[in-house]
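Visitor: Below is a structure I'd like to ask you about.
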Amino acid sequence: MVAGASRHTLAKSSYGKTELIINYPGKLPPMRHPMEFLKTAIAPIGHIDLITVKLPFIQPFAISSFSWACKEALVLKVESGGVTGWGECVADPDPFYAPETTASCAYIIKNFLLPLLEPGMTLGELSQQFHKVRGNEMAKATVENAVIDLLAKQNGMKLHQFLGWPEKKIMSGISLGLQETPDKLLQAIEEALAKKYHRIKMKIKKGQDVDWVAAVRQRFPDIALMVDANGDYTLDETARLQELDAYNLMMIEQPLSYSDIYQHSLLQKELKTPLCLDESIHTLADAHTAIELGACRIINIKQGRVGGLIESLRMAVYAASQGIPVWSGGMDETGIGRAVNIHLQTVAGFSIPGDTSETSRYFHEDIVDPPVVLDEEGFIAIPPGPGIGVEIIEERLQRYTISTERLL
Ligand code: OSB
Ligand code: MG
Numbered sequence: 051m052v053a054g055a056s057r058h059t060l061a062k063s064s065y066g067k068t069e070l071i072i073n074y075p076g077k078l079p080p081m082r083h084p085m086e087f088l089k090t091a092i093a094p095i096g097h098i099d100l101i102t103v104k105l106p107f108i109q110p111f112a113i114s115s116f117s118w119a120c121k122e123a124l125v126l127k128v129e130s131g132g133v134t135g136w137g138e139c140v141a142d143p144d145p146f147y148a149p150e151t152t153a154s155c156a157y158i159i160k161n162f163l164l165p166l167l168e169p170g171m172t173l174g175e176l177s178q179q180f181h182k183v184r185g186n187e188m189a190k191a192t193v194e195n196a197v198i199d200l201l202a203k204q205n206g207m208k209l210h211q212f213l214g215w216p217e218k219k220i221m222s223g224i225s226l227g228l229q230e231t232p233d234k235l236l237q238a239i240e241e242a243l244a245k246k247y248h249r250i251k252m253k254i255k256k257g258q259d260v261d262w263v264a265a266v267r268q269r270f271p272d273i274a275l276m277v278d279a280n281g282d283y284t285l286d287e288t289a290r291l292q293e294l295d296a297y298n299l300m301m302i303e304q305p306l307s308y309s310d311i312y313q314h315s316l317l318q319k320e321l322k323t324p325l326c327l328d329e330s331i332h333t334l335a336d337a338h339t340a341i342e343l344g345a346c347r348i349i350n351i352k353q354g355r356v357g358g359l360i361e362s363l364r365m366a367v368y369a370a371s372q373g374i375p376v377w378s379g380g381m382d383e384t385g386i387g388r389a390v391n392i393h394l395q396t397v398a399g400f401s402i403p404g405d406t407s408e409t410s411r412y413f414h415e416d417i418v419d420p421p422v423v424l425d426e427e428g429f430i431a432i433p434p435g436p437g438i439g440v441e442i443i444e445e446r447l448q449r450y451t452i453s454t455e456r457l458l
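The opening position of the sequence shown corresponds to residue 51 in the working numbering, with each subsequent residue numbered one higher.
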């Protein structure tokens, strides 16, 4: 059998199984990860509500392709026997970070994903059913997260426990949007360092890159620093990107197109700085392609971008087996999605600080309690309650709700 073919078959065949077997030939021995939680049966659902919330950001968040003034997101509320599970969708109302939107996700959730949910089926079976629907990972993650939160709560477990990973303190990282002036950027970094953030990410775009990084490095020679271009460059700009090699960056995130893997592999050969992929990775198969091609040395796992926690676990375990570190990205989530990102980082392989920062950076008021805060060493604690561990405050949820639809 061709090596490539066997790898792919193995990757696919572990969907829905209770044990994740990563058996990519030629490197390490097979890795087994107990996925006991996939055996949990889903009780009959009483009600499902699809809620759209809109929260103003304290300040707009700008990346190379767009600037957002507020957080608008779908929230799925799944109730069964008096217990409520919550799932936040990471899609924006627009397709300027990723192709999926809140409207496309609502459509896919209502018409194609929820109809696959049958009482009595296991979580693993649901995840397997979801593979009938191609792409639409953000929509899938919304449903999967709500169901997993529900199951964890029904079993009296915290989310990370339910997934099979021990509690730990989570590293923090801040993603600074494009700033108006270098001085404002330096000031934002100063404030982040005072809070003891473990890693600083700055957004770059064409024309706002090398000089800005140089200014930061001059002032802060030793900080853990990385840049994210959100796909603003082409291979023609390789020389420009090579200039970044002089600044000891942890990584350059997604320099080339949101849909490219191959050209990143060509670029990585020309750079000393590790590349990290974000937008281009939607599945374990994408991660496999990227790692085998040498398109990146680090992967950003956003659970919402890759179809949810199950695919995130598979990806993290596989990347670890290949010596590729991963970290958790963020999508400026409300406290619901932010809590999921925190639990995810208990999984082995999340060895680099992610984009998990304090709630107070984004919102004057969030829809959950408690907010995310950093301790004196810059770490984040796992939220205290069962499931995702945060409590949704109904009164605030209602205040920020712009539409709501009962689906069941
Ligand atoms: O590329 O990681 C990104 C926010 C919106 C869209 C894309 C990205 C981001 C962030 C913010 O970097 C991460 C966060 O603070 O949640
Ligand atoms: Mg990114």
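For each residue, glycine too, the CB sits at the ideal point set by N, CA and C. This one's a predicted model, so the numbers in the text were calculated from it and none came from an experiment.
1. With DSSP run on the structure shown, which of helix, strand or coil describes leucine 126?
2. Fully enclosed by the region 237-321, which beta strand (DSSP E) runs are 3 residues long or longer?
3. Cα-Cα, which of Ser407, Thr396, His314, Thr284 is closest to threonine 214?
4. Measuring alpha carbon to alpha carbon, tell me which residue in Leu299, Arg269, Val133 is nearest valine 277.
5. Any residue with its Cβ nearer than 7 Å to a heavy atom of ligand 2 should be included. What is that list in chain order?
6. Find out if the Cβ-Cβ distance for the pair isoleucine 95, serine 130 is shorter than 8 Å.
7. When you compare only the Cα positions, how much space is there between glutamate 426 and glycine 174?
8. Alpha helix (DSSP H) containing aspartate 336: first to last residue?
9. Skipping 5 residues on each side, what residues in its chain have a beta carbon closer than 7 Å to that of glycine 358?
10. Going along the chain, which residues of its own chain have a beta-carbon closer than 6 Å to the beta-carbon of tyrosine 308, five neighbours each way excluded?
11. For proline 14, which residues of its own chain have a beta-carbon under 6 Å away from its beta-carbon, when the five flanking residues on both sides are left out?
12. Would you call aspartate 272 buried or exposed, if buried means 16 or more other Cβ atoms sit within 10 Å of its Cβ?
13. Closest by CA to isoleucine 101, which one among Ala93, Pro110, Ile113, Lys127?
14. Would you mind sorting isoleucine 452 into buried or exposed? The rule is 16 or more other CB atoms within 10 Å of its CB.
15. Between the Cα of alanine 238 and the Cα atoms of Tyr450, Met85, Gln109, which residue gives the shortest distance?
16. Between which two residues does the beta strand (DSSP E) holding leucine 100 run?
17. Using a Cβ-Cβ cut-off of 7 Å (strictly less than) and excluding sequence neighbours within five positions of leucine 78, which residues of its own chain qualify?
18. Taking C-alpha atoms, which residue in Thr134, Val356, Trp262, Ala123 lies nearest to alanine 141?
19. Quick one: is the Cβ of aspartate 310 within less than 7 Å of any heavy atom of ligand 1?
20. Check aspartate 425 in the structure and name its three-state DSSP category.
21. Does DSSP put threonine 134 in a helix, in a strand, or in coil?
22. Relative to the C-alpha of proline 403, which residue among Ile224, Arg290, Leu243 is closest?
23. Give every residue of the same chain whose Cβ lies closer than 6 Å to the Cβ of lysine 322, excluding the five residues on either side of it in the sequence, and list them in chain order.
24. Tell me the DSSP bridge mates of leucine 325?
25. Looking at ligand 1, does it come within less than 7 Å of aspartate 282, judged from the CB to the closest heavy atom?
26. From which residue to which residue does the alpha helix (DSSP H) around arginine 364 run?
27. Below 7 Å, is the gap between the Cβ of phenylalanine 413 and the nearest heavy atom of ligand 1?
28. Grab me the residues of tyrosine 147's own chain with a C-beta within less than 6 Å of its C-beta, minus the 5 sequence neighbours each way, in chain order.
29. For phenylalanine 111, is the beta carbon positioned less than 7 Å from some heavy atom of ligand 1?
30. So, at 8 Å on beta carbons, what are the nonlocal neighbours of leucine 243 in its own chain, with the 5 sequence-adjacent residues on each side left out?
31. Does DSSP put leucine 235 in a helix, in a strand, or in coil?
32. Given this structure, state the Cα-to-Cα distance separating valine 260 from glycine 373, to the nearest angstrom.
33. Would you mind giving the Cβ-Cβ distance between isoleucine 349 and leucine 327, rounded to the nearest angstrom? I have them listed as a contact below 8 Å.
34. Are three or more beta carbon pairs between the region 205-212 and the region 381-399 nearer than 8 Å?
35. Reducing DSSP to helix, strand and coil, say where aspartate 199 ends up.
36. Please report how far the alpha carbon of serine 407 lies from the alpha carbon of tryptophan 377, in whole angstroms.
Guide: Taking the structure as given:
1. To locate residue 126, count along the sequence shown from 1; it is residue 76. Residue state, collapsed to three classes: strand.
2. Assignment of beta strand (DSSP E) within the region 237-321, counting only whole runs of 3 or more residues, yields 250-253, 275-278 in chain order.
3. Start at 1 with the first residue of the sequence shown, and residue 214 comes out as number 164. Sequence inspection shows glycine at residue 214; the threonine mentioned does not correspond to that position. Considering only alpha carbons, the answer is Thr396.
4. Reading the sequence shown from its first residue, position 227 is the one you call residue 277. When only C-alpha atoms are compared, the closest one is Leu299.
5. Asp278, Asn280, Glu303, Gln304, Asp328, Glu329, Asn350, Gly379
6. Taking the first residue of the sequence shown as 1, we reach residue 95 at position 45. Taking the first residue of the sequence shown as 1, we reach residue 130 at position 80. Yes, the pair counts as a contact, with Cβ atoms nearer than the cut-off.
7. Stepping through the sequence shown from its first residue, residue 426 is reached at position 376. Stepping through the sequence shown from its first residue, residue 174 is reached at position 124. So the two alpha carbons sit approximately 39 Å from each other.
8. Within the sequence shown, numbered from 1, the residue matching residue 336 stands at position 286. First-last of the alpha helix (DSSP H) with aspartate 336: 334-343.
9. Taking the first residue of the sequence shown as position 1, residue 358 is located at position 308. The residues are Lys190, Ala191, Glu194, Asn195.
10. Counted from its first residue, the sequence shown places residue 308 at position 258. Answer for tyrosine 308: Gly281, Glu329, listed in chain order.
11. Past the boundaries of the shown model lies residue 14; the chain is included only from 51 to 458, so the question cannot be answered.
12. Mapped onto the sequence shown, residue 272 falls at position 222. Flag for aspartate 272 reads exposed.
13. Translated into positions along the sequence shown, residue 101 becomes position 51. Selected option, being the one with the closest Cα: Lys127.
14. For the purposes of this step, residue 452 is identified with residue 402 of the sequence shown, where counting begins at 1. Counting Cβ neighbours within 10 Å, isoleucine 452 comes out exposed, since fewer than 16 surround it.
15. On the sequence shown, position 188 is the one that residue 238 refers to. Nearest of Tyr450, Met85, Gln109 to alanine 238, Cα basis: Gln109.
16. As a working note, residue 100 is residue 50 in the sequence shown. Start and end: 97-113.
17. Within the sequence shown, numbered from 1, the residue matching residue 78 stands at position 28. Since pLDDT at leucine 78 reaches only 45, below the 50 mark, its modelled position is unreliable, and the value read off the structure follows with that caveat. Result list for leucine 78: Ser371, in chain order.
18. Along the sequence shown, one-based indexing puts residue 141 at 91. When only C-alpha atoms are compared, the closest one is Ala123.
19. What you label residue 310 is simply residue 260 of the sequence shown in a count that begins at 1. For ligand 1, not one heavy atom lies less than 7 Å from the Cβ of aspartate 310.
20. The count along the sequence shown starts at 1 and reaches residue 425 at position 375. Of the three classes helix, strand and coil, the one that applies to aspartate 425 here is coil, per DSSP.
21. As a first step, residue 134 must be located in the sequence shown, where it is residue number 84. Threonine 134 carries a strand assignment under DSSP once its states are collapsed to helix, strand and coil.
22. Position 353 of the sequence shown, counted from the first residue, corresponds to residue 403. Checking every option, the nearest Cα to that of proline 403 belongs to Ile224.
23. As a working note, residue 322 is residue 272 in the sequence shown. The residues are Asp295.
24. Counting from one through the sequence shown, the residue named residue 325 turns up at place 275. Leucine 325 is bridged to Ile302.
25. Sequence index remark: in the sequence shown, residue 282 carries index 232 (1-based). For ligand 1, not one heavy atom lies less than 7 Å from the Cβ of aspartate 282.
26. The count along the sequence shown starts at 1 and reaches residue 364 at position 314. Unbroken alpha helix (DSSP H) run through arginine 364: 359-371.
27. Indexing the sequence shown from 1 puts residue 413 at position 363. No, Cβ of phenylalanine 413 sits at least 7 Å from all heavy atoms of ligand 1.
28. For the purposes of this step, residue 147 is taken as residue 97 along the sequence shown, with counting starting at 1. So the list is empty, once near-sequence residues are dropped.
29. Position 61 of the sequence shown, counted from the start, is the residue given in the question as residue 111. Yes, ligand 1 has a heavy atom inside 7 Å of this Cβ.
30. Within the sequence shown, numbered from 1, the residue matching residue 243 stands at position 193. Ile250, Phe270, Ile273, listed in sequence order.
31. Within the sequence shown, residue 235 is the residue found at index 185, counting from 1. Leucine 235 falls in the helix class under three-state DSSP.
32. Position 210 of the sequence shown holds residue 260. Position 323 of the sequence shown holds residue 373. Cα-Cα distance, rounded: 29 Å.
33. Stepping through the sequence shown from its first residue, residue 349 is reached at position 299. Stepping through the sequence shown from its first residue, residue 327 is reached at position 277. Correct: roughly 6 Å between the Cβ atoms.
34. yes
35. Against the sequence shown, residue 199 aligns to sequence position 149. Helix, per DSSP.
36. As a working note, residue 407 is residue 357 in the sequence shown. As a working note, residue 377 is residue 327 in the sequence shown. Taking the straight line from one Cα to the other gives about 13 Å.
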